[in-house]
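Engineer: Residue numbers (my numbering): 1 to 177.
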């Protein structure tokens with residue numbers, strides 16, 4: 001199939017064919033998922049953080065690796081550490097900005113060729129606790145400029161604490177903070 005034919009398929013169909021929808025989208029300048037400028041609030045050479053286009057709750061976020069890995073088990077430990085540190089900081093930010101009670105962390109990288117990502121799903125005080133929050137009905141993303149800019153600023157202000165640093169003298173790599 002050529003690119004035009006592949007673009008007519010759903011992300012699930014691409015995954016079933018062994019094509020990573022995330023990588024395919026990046027390689028084709030957003031042709032699959034569209035303009036994400038109202039969703040991506042942080043990006044560096046290792047990760048990108050963004051609001052989910054079909055969220056399970058208001059404030060539902062993802063942290064995705066830039067390089068393709070199927071899941072956490074394939075990714076280098078240094079990347080996993082960075083993503084977990086960002087997840088921890090973003091959990092606090094989401095609670096602060098959205099007023100949720102908790103933020104659930106999960107990864108659902110399944111299928112023949114999915115892309116490693118962490119999902120942060122807020123749970124609000126009026127919602128039941130438990131695993132049902134991972135499968136809440138999906139909604140439509142609504143851009144909220146004030147909240148978007150707050151999340152972007154707060155993670156940007158703290159992101160230098162989480163960057164991968166190369167140690168002097170050929171020592172082991174570590175994360176600061």
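Built from N, CA and C at the ideal position, the CB exists for glycine as well. Please read these numbers as outputs of a predicted model, since none were measured by experiment.
When you compare only the Cα positions, how much space is there between residue 19 and residue 108?
Structural biologist: One alpha carbon belongs to residue 19, the other to residue 108, and they sit about 16 Å apart.
Engineer: I need the straight-line Cα distance from residue 126 to residue 42, nearest angstrom please.
Structural biologist: 30 Å
Engineer: In chain order, what are the residue ranges of uninterrupted beta strand (DSSP E) at least 3 long that sit wholly in the region 20-58?
Structural biologist: 40-43, 47-51
Engineer: Can you check the region 106-152 for any beta strand (DSSP E) of at least 3 residues that lies completely inside it and give the ranges in chain order?
Structural biologist: 117-123
Engineer: Need the endpoints of the alpha helix (DSSP H) that residue 95 sits in, please.
Structural biologist: 77-98
Engineer: With a CB to CB cut of under 8 Å and the five nearest residues on each side skipped, what residues in its chain are close to residue 47?
Structural biologist: 63, 64, 65, 66, 79, 82, 83, 86
Engineer: What span of residues does the beta strand (DSSP E) with residue 61 cover, start to end?
Structural biologist: Its beta strand (DSSP E) spans residues 61-65.
Engineer: Figure out for me which residue from 10, 11, 50 has the closest Cα to the Cα of residue 155.
Structural biologist: Taking only the C-alpha atoms, the option nearest residue 155 is 50.
Engineer: Could you tell me the distance, in whole angstroms, from the CA atom of residue 148 to the CA atom of residue 38?
Structural biologist: 8 Å
Engineer: With the cut-off set at 7 Å, would you say residue 121 and residue 68 are in Cβ contact?
Structural biologist: no
Engineer: What does residue 3 pair with, by DSSP beta-bridge criteria?
Structural biologist: Answer is none; residue 3 lacks a bridge partner.
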